[in-house]
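Colleague: What follows is a structure written as structure tokens; I'll ask about it next.
Numbering (full-length UniProt numbering), first residue to last: 1 to 728.
This is the structure:
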């Protein structure tokens, strides 16, 4: 029974020395001198702010994309013991001693280093030689732009790592498909494909391009399986469900989990939460939550409320009035009603308070028991401090003459009666009997007499002149013009009014609210709102000194100065290896021309290369040329400030194509011994030039050693490159 103990336990393992050596070289090239320079480098000033907010658990919104990439950078800070205390206010600022620079830059550097062995394995899985795979890995290793981008607290290297991991995982899964479907390794690589895709999308939305490419390739492969009679209907259904689970459902769940962790970590109120709805703000610790925690949930007749405009762009604002009136005549000669001004004011103020009144009763206090206001009820809104009624009439608004003026009614004893009845419509109601709720309900107010809707037109760009204190315009907009978020309002602060006398009521309006009911949003509600803000919140695009167009990237007619030493000539630039970039463009052109030639010839039943070489050639084009196209061409449709680093994912795919084309030319076009010898000699010379360019530009890739003025001028190989030279 114990016979197995008579023999020693032996474990054998195969070690790919090429893979180990490439990984070590990748780590050395990316990790060497990682803490230098100990200063803020280019977009570290941007991502560093988010890392600090993570360390302090303060909520923020990054409108550039999902939170996973920022969380990975914050993980580096957490592992290094960073407390978040650093002022990220300018590029070049020296890091204080509490900032763990090496730790913050570690994960991007590791991701960049691991791209080297991933490139090697991808070409092996595409059925190309170890020599070609080694060439692809070395080109990634010696690409100056990829080295620069991976040595700082930036996201592109992490994005490229997950993209390449997704491609490699799918290729391994596909190659296992032929002989070991539904095996453990088959499931592992299929699931890893989906996880890597979700991580790529979670780092930057650019990852969506490669994800869609892999979905298209997987769909094409499954389409071919449908035509294979060796698969039964049950087997095909199992394959389909497995792919749907791994490539769609799990990535979606992973994507949601990024936001769940993000929202769990960031539970404190901060500078960015003001662009969120009142309900979202109230769910955060501090800030609005301190004011609104426990307010009465149901708005009743007699309630004292502040009304916040739902849109919140370009700034949040509240329905507001003050004693000043509209001028009798505007500067353009048009007349007004000379009624009390109503505006949208971007700050909290006692003049933001309104009282919900029942038109059939005179009292301005909440009865016992309270009578809640429901969808469709008619109300009057009484300004708390001036006690005048919210009113609109057929008078042109001051800045929007096609809309109605909104005012608080003053009786001048002329033929202009009050029109102050408003119908409450709850936009996010579940039924027509829904009660108007504090924070949660989004309502619009429809004027009973004219059917105009109360709208903050100033939210979308119009502020009043000096007579209106530069506050935002509020108008009555006809419903026929369609719905806009600026027509929706929610109750932010709320109390049940108790004082019928005006002086007592003014004291009550100045006092804080203190009640007992909290209002927590569900995760899905918070996710939906945050996701919508990320997709729709756009900063004003301004021309940057180092911004460029997508056309500049192919020929590398642009660069970016990342860092300049304050005293010496040491500097770091995002500059690529020009030999590699040019070779990548040539390889893409040669591949396209050869593929078109082969397709035409195959149409004529002429097969220039064997079928065993044709399939890897086509697969390589789908991955490499397809990967380049989907990661590059969309930028021509984007209206955003573009930089050279946006091209790096596309460039990576294009670099992988170089050794594929070289091997193809050597195997199928250089058939004589003389041509093979010549091609080998040219290949050695070409690769030597790649290394020479890498070595030449290393000082501006790593930032050291410092170069003289003459040496810097010698690096300006193109007039469009902005190499920084100090005046003597």
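Where is the CB? At the ideal position from N, CA and C, for every residue including glycine.
Small disclaimer: the values here were computed from a predicted structure and weren't measured.
Please report the residue range of the beta strand (DSSP E) in which residue 354 lies.
Modeller: Residue 354 -> beta strand (DSSP E) spans 353 to 357.
Colleague: Report the option in 352, 339, 14 whose CA atom is closest to the CA atom of residue 305.
Modeller: Among 352, 339, 14, the Cα nearest to that of residue 305 is on 352.
Colleague: DSSP three-state label for residue 545, please.
Modeller: Note: residue 545 maps to coil in three-state DSSP.
Colleague: Indicate whether residue 407 and residue 337 have their beta-carbon atoms separated by less than 8 Å.
Modeller: Yes; because the gap between Cβ atoms is below 8 Å, this pair is in contact.
Colleague: Would residue 163 be called buried (16 or more neighbouring beta carbons within 10 Å of its own) or exposed?
Modeller: So residue 163 counts as buried.
Colleague: Quick check: what's the CA-CA separation for residue 116 versus residue 24?
Modeller: The alpha-carbon atoms of residue 116 and residue 24 are separated by roughly 10 Å.
Colleague: Helix, strand or coil for residue 724? Go by DSSP, reduced to three states.
Modeller: Coil.
Colleague: List the endpoints of the continuous beta strand (DSSP E) containing residue 563.
Modeller: 560 to 564 is the extent of the beta strand (DSSP E) around residue 563.
Colleague: Could you compute how far the alpha carbon of residue 95 sits from the alpha carbon of residue 114?
Modeller: Taking the straight line from one Cα to the other gives about 27 Å.
Colleague: Looking at the structure shown, is residue 476 part of a helix, part of a strand, or coil, going by DSSP?
Modeller: Strand at residue 476.
Colleague: Is residue 33 close to the ligand SAM? I mean its beta-carbon at under 7 Å from any heavy atom of the ligand.
Modeller: The model depicted lacks the ligand SAM and carries no ligand whatsoever.
Colleague: Counting along the chain, where does the alpha helix (DSSP H) carrying residue 130 start and finish?
Modeller: Looking at the DSSP string, the run of the alpha helix (DSSP H) that includes residue 130 is 130 to 141.
Colleague: Straight-line CA distance for residue 387 to residue 358?
Modeller: So the alpha carbons of these two residues sit roughly 14 Å apart.
Colleague: For the structure I just gave you, are there three or more beta carbon pairs, one from the region 187 to 207 and one from the region 165 to 173, closer than 8 Å?
Modeller: Counting Cβ pairs under 8 Å, three or more are found: they touch.
Colleague: In terms of residue numbering, what span does the beta strand (DSSP E) encompassing residue 172 cover?
Modeller: Where residue 172 is concerned, there is no enclosing beta strand (DSSP E), although the alpha helix (DSSP H) it sits in stretches over 156 to 176.
Colleague: Confirm, please, whether the CB-CB distance from residue 493 to residue 363 is below 8 Å.
Modeller: It is not a contact, given that the beta carbons lie outside the stated cut-off.
Colleague: Where do the N-terminal and C-terminal ends of the beta strand (DSSP E) with residue 285 fall, by residue?
Modeller: Residue 285 -> no beta strand (DSSP E), and no H or E assigned at all.
Colleague: When you compare only the Cα positions, how much space is there between residue 562 and residue 423?
Modeller: Computed Cα separation, rounded: 57 Å.
Colleague: Whole angstroms is fine: what's the gap from residue 696's alpha carbon to residue 526's?
Modeller: In a straight line, the C-alpha of residue 696 is about 51 Å away from that of residue 526.
Colleague: Between which two residues does the alpha helix (DSSP H) containing residue 380 stretch?
Modeller: From DSSP, residue 380 is part of no alpha helix (DSSP H) but of the beta strand (DSSP E) over 378 to 383.
Colleague: Hey, residue 380 and residue 450 are a contact pair by Cβ (cut 8 Å); roughly how many whole angstroms apart?
Modeller: Not a contact, Cβ separation roughly 15 Å.
Colleague: Put residue 317 into one of helix, strand or coil per three-state DSSP.
Modeller: In this structure, residue 317 counts as coil in the three-state DSSP scheme.
Colleague: Which of the three DSSP states is assigned to residue 20 in this structure?
Modeller: In the structure shown, residue 20 sits in a helix (DSSP, three-state: H, G or I).
Colleague: Just checking, does the region 253 to 265 make contact with the region 37 to 51 on the three C-beta pairs under 8 Å criterion?
Modeller: With a cut-off of 8 Å, the region 37 to 51 and the region 253 to 265 do not count as touching, because too few Cβ pairs lie within range.
Colleague: Going by the beta-carbon positions, is the gap between residue 35 and residue 76 smaller than 8 Å?
Modeller: Cβ atoms of residue 35 and residue 76: not closer than 8 Å.
Colleague: Answer with buried or exposed for residue 592, where buried requires no fewer than 16 other C-beta atoms within 10 angstroms of its C-beta.
Modeller: Residue 592 is exposed by the Cβ-count criterion.
Colleague: Would you kindly report the start and end of the unbroken alpha helix (DSSP H) that includes residue 526?
Modeller: It spans 523 to 536 - the alpha helix (DSSP H) in which residue 526 sits, taken as one unbroken run.
Colleague: Can you pull the DSSP bridge partners for residue 344?
Modeller: Residue 344 pairs with 319, 472.
Colleague: Starting from the C-beta of residue 190, find all residues in its chain whose C-beta is less than 6 Å away, skip the five residues before and the five after it, and write them out in chain order.
Modeller: Result list for residue 190: 173, 246, in chain order.
Colleague: Out of 303, 91, 551, state which residue places its alpha-carbon closest to the alpha-carbon of residue 637.
Modeller: Checking every option, the nearest Cα to that of residue 637 belongs to 551.
Colleague: List the DSSP bridge partners of residue 642.
Modeller: For residue 642, which the question treats as bridged, DSSP gives no partner whatsoever.
Colleague: Out of curiosity, what's the CA-to-CA distance linking residue 530 and residue 581?
Modeller: So the alpha carbons of these two residues sit roughly 39 Å apart.
Colleague: Assess, as a yes-or-no matter, whether the region 52 to 71 is touched by the region 7 to 25 under the definition of 3 or more beta carbon pairs within less than 8 Å.
Modeller: They do not touch, by the three-pair rule.
Colleague: To test your reading of the DSSP string, which unbroken alpha helix (DSSP H) runs of 4 or more residues are found completely within the region 581 to 663?
Modeller: Segments of the alpha helix (DSSP H) lying fully in the region 581 to 663: 611 to 620, 626 to 632.
Colleague: Cα separation between residue 717 and residue 558?
Modeller: Answer to the nearest angstrom: the Cα atoms are 11 Å apart.
Colleague: Please determine, among 680, 648, 687, the residue with the shortest C-alpha to C-alpha distance to residue 207.
Modeller: Ranking the options by Cα distance to residue 207, first place goes to 648.
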